[in-house]
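The block underneath contains the structure these notes are about, expressed in structure tokens.
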Amino acid sequence: MRDVEGAPRRTAFKWLLLVFVALYIVALFLLAVGTFGWFGQERDPLSAVFLLPLGLPWNLIADRLGLEGATIMVLAPLINAGLLYWLWRR
Numbered sequence: 008m009r010d011v012e013g014a015p016r017r018t019a020f021k022w023l024l025l026v027f028v029a030l031y032i033v034a035l036f037l038l039a040v041g042t043f044g045w046f047g048q049e050r051d052p053l054s055a056v057f058l059l060p061l062g063l064p065w066n067l068i069a070d071r072l073g074l075e076g077a078t079i080m081v082l083a084p085l086i087n088a089g090l091l092y093w094l095w096r097r
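Numbers in my numbering are just positions in the sequence shown, counted from 1, shifted up by 7.
What follows is the structure in structure tokens.
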């Protein structure tokens, strides 16, 4: 039997996940454009700034643990995406 009462919640989490993944893809694209100078853009060391809010609080936790590097910043939003997916499918 279908969970009719939970359907609006599931739909909301589905859309939240889709928007989050779309923002993540855009942030990764902007990182690549700023890092490699695509489309005539100058190389910008702050091109990863759009990934930071998507990866919170995991970026801060990794920083407190002494973990460094671009890989942490790039992969941290995937934890939040996984949590949103888990909440959607729960």
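Every residue gets a Cβ at the ideal spot worked out from N, C-alpha and C, and that includes glycine.
Provide the residue span of the alpha helix (DSSP H) that contains residue i, from first to last.
{"i": "residue 84", "result": "77 to 96"}
{"i": "residue 16", "result": "14 to 43"}
{"i": "residue 64", "result": "Run containing residue 64: none; DSSP gives neither H nor E here."}
So the candidates are the options; which of them puts its Cα closest to the Cα of residue i?
{"i": "residue 59", "options": "21, 91 and 82", "result": "82"}
{"i": "residue 52", "options": "92, 95 and 38", "result": "38"}
{"i": "residue 34", "options": "86, 55 and 42", "result": "55"}
For the putative contact between residue i and residue j, defined by C-beta atoms under 8 Å, what is the C-beta separation to the nearest angstrom?
{"i": "residue 30", "j": "residue 67", "result": "Actually they do not touch by this definition, with Cβ atoms about 19 Å apart."}
{"i": "residue 27", "j": "residue 87", "result": "7 Å"}
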